[in-house]
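The next block holds one structure in the form of structure tokens; read it before the comments.
Residue numbers (the working numbering): 20 to 168.
Okay, here's the thing in structure tokens:
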């Protein structure tokens with residue numbers, strides 16, 4: 020675990036703790052003595068279980084213990100999320116759907132079929148649509164546990 024330089028402001032002292040490829044910001048409140056242990060406040064709402072799990076992972080990282088892998092997203096879901104962001108980024112920057120499909124699926128696969136009836140065309144437009152939804156707030160559902168209605 021590495022600790023970056025602290026930054027102070029009217030709220031308190033801000034730290035950035037890094038563990039592996041993850042980082043989290045922690046604030047020590049201005050009126051709290053430095054020797055006081057940090058505390059986590061958890062709202063008691065439907066996301067409370069996700070938050071307590073995140074706190075468990077943070078505490079393990081801060082104490083140098085093993086942090087178990089987060090398996091809420093399968094490798095296939097992670098790949099689709101990456102493709103959604105790639106496709107949306109390309110579209111926002113003026114790329115055509117065909118260009119985007121060439122980057123994600125390969126130019127040769129895209130060239131094999133007529134574009135108007137190509138299944139990759141539909142897949143690409145769905146990636147852009149879902150990517151835009153994720154950018155517009157849908158990302159919040161990524162790491163939530165599935166709940167029973």
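Using N, Cα and C, we set each Cβ at its ideal position, and we do this for glycine too.
One or two residues paired with residue 44 in a DSSP bridge: 35
For my contact list, residue 61 and residue 74 are in at a C-beta cut-off of 8 angstroms; report their separation, rounded to the angstrom. 7 angstroms
Does the region 76-93 come into contact with the region 119-136, if we say contact requires no fewer than three beta-carbon pairs (one atom in each stretch) closer than 8 angstroms? no
According to DSSP, is residue 26 helix, strand or coil? strand
CA-CA distance, residue 56 and residue 152? 39 angstroms
Kindly indicate if chain C contains any beta-carbon less than 8 angstroms away from that of residue 154. The structure shown contains no chain C, having only a single protein chain.
Counting only the same chain and skipping the five closest in sequence on each side, list residues whose C-beta sits under 8 angstroms from that of residue 42. 35, 36
Please confirm whether residue 2 and residue 114 have their CB atoms less than 8 angstroms apart. It is not possible to answer for residue 2, since the shown part of the chain is limited to 20 through 168.
Considering only their Cβ atoms, is the gap separating residue 110 from residue 123 smaller than 8 angstroms? no
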